[in-house]
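> Take this structure, written in structure tokens, and hold onto it; I'll ask about it next.
Residue numbers (our numbering): 10 to 228.
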């Protein structure tokens, strides 16, 4: 029901040492494809897992293509998105992802500086944004500055609703002096809080376009 990504080396290890877990991961993507009109939940990852802005154009293209091919071999179908290590990206990295036939990636809110409505006239001013003001539930569109270059959908993750932050108090409840029943109730309560935060985070928004010249590369 959610997007997920695994490094190719980790999947190799799981395939050898934990075949049931590995099979469950593949089954999860198959189920997501069946439930969402062929759109699977699995995201590819570059292989090897390089910080793409720190390597040359050939290494970028190779890592993207190898990562996509590895997951496609495992799933029996092409992945639609790619998770970049540490969300590190620059123009060449995003162009390599888009040119490989992938349709979207995920970045951090701090990487966006300005947005404007999709299809707006060139003279339309850009609206400055930051981590606190960027509308993260909506997708954005990055366009290559190269004439005739590709485009790529960008999703920005929400750090304020990450499970790690919601579960901050969980270890103290489980490891403290509470009874097992009380600890179980705490787990359910924290899980419900996370679910509520996720639901509350989504609203209906118009699509906007994001120009990479107004984005800070996370290197």
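In this text, a Cβ means the ideal position worked out from N, Cα and C, and glycines have one as well.
Keep in mind it's a predicted model, so treat the numbers as computed, not measured.
Exposed or buried, which one is residue 30 when buried takes at least 16 other CB atoms within 10 Å?
Exposed, because fewer than 16 other Cβ atoms sit within 10 Å of the Cβ of residue 30.
> Between the alpha carbons of residue 202 and residue 95, how many angstroms are there, rounded?
Answer to the nearest angstrom: the Cα atoms are 27 Å apart.
> Below 8 Å, can you find three or more Cβ-Cβ pairs linking the segment 97-114 to the segment 19-33?
Verdict: no, contact absent.
> In terms of residue numbering, what span does the alpha helix (DSSP H) encompassing residue 155 cover?
Careful: residue 155 lies outside any alpha helix (DSSP H) and carries neither H nor E.
> To which residues of the same chain is residue 81 closer than 7 Å at the C-beta, ignoring the five residues directly before and after it?
Cβ neighbours of residue 81 beyond the five flanking positions: 87 and 88.
> Roughly how far, in whole angstroms, is the beta-carbon of residue 69 from the beta-carbon of residue 102, given that I think they are within contact range, below 8 Å?
6 Å between Cβ atoms; contact.
> Using a Cβ-Cβ cut-off of 8 Å (strictly less than) and excluding sequence neighbours within five positions of residue 160, which residues of its own chain qualify?
The residues are 107, 150, 151, 152 and 153.
> Since residue 44 and residue 55 should fall inside the 8 Å C-beta cutoff, what is the C-beta to C-beta distance between them, to a whole number of angstroms?
Actually they are not in contact, since the Cβ atoms of residue 44 and residue 55 sit about 27 Å apart, beyond 8 Å.
> Would you say residue 81 touches the ligand NAP, meaning its beta carbon is less than 7 Å from a heavy atom?
Inclusion of the ligand NAP in the displayed structure is not the case, the ligand content being empty and no account of it being possible.
> Any Cβ of chain B within less than 8 Å of the Cβ of residue 42?
The structure shown contains no chain B; it holds only a single protein chain.
> DSSP state of residue 191, grouped into three classes?
Looking at residue 191 - three-state DSSP - the assignment turns out to be helix.
> Could you check the C-alpha separation between residue 127 and residue 138 for me, to the nearest Å?
Whole-angstrom Cα-Cα distance: 16 Å.
> Can you round the beta-carbon distance between residue 85 and residue 12 to whole angstroms, since I take them to be within the 8 Å contact cut?
Wrong, their Cβ atoms sit about 18 Å apart, outside the cutoff.
> With distances taken between CB atoms, is the gap from residue 170 to residue 207 smaller than 8 Å?
Yes, the Cβ-Cβ distance between residue 170 and residue 207 is below 8 Å.
> Measuring alpha carbon to alpha carbon, tell me which residue in 166, 129 and 79 is nearest residue 114.
Ranking the options by Cα distance to residue 114, first place goes to 166.
> Go ahead and pull the three-state DSSP assignment for residue 11.
Three-state result, residue 11: coil.
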